[in-house]
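Asker: Sharing a structure here in structure tokens format.
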Amino acid sequence: MFGVSWQKLFRLPQTYFLIVGAVLGYVTFLVWAGICPVTFNNSY
3 MFGVSWQKLF RLPQTYFLIV GAVLGYVTFL VWAGICPVTF NNSY
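Residue numbers (the numbering used here): 3 to 46.
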């Protein structure tokens, strides 16, 4: 697709660190948003 062989890409540990880091950051943001909902809907 972009001239990248995906099998060679998924052998790199950096790819897994990037995916795991993105998932952990997203879950952490969801948990933080669930704990502090006042920050997102402060209309009252």
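Just so it is clear, CB atoms sit at the ideal spot from N, CA and C, and this is done for glycine as well.
Given the structure is predicted, the values throughout are model-derived calculations rather than measurements.
Quick check on Val6: does DSSP put it in helix, strand or coil?
Answerer: coil
Asker: On the three-state DSSP scale, how would you describe Phe12?
Answerer: coil
Asker: Measure the alpha-carbon distance for Cys38 versus Tyr28 and round it to whole angstroms.
Answerer: 15 angstroms
Asker: Given this structure, state the Cα-to-Cα distance separating Arg13 from Ser7, to the nearest angstrom.
Answerer: 10 angstroms
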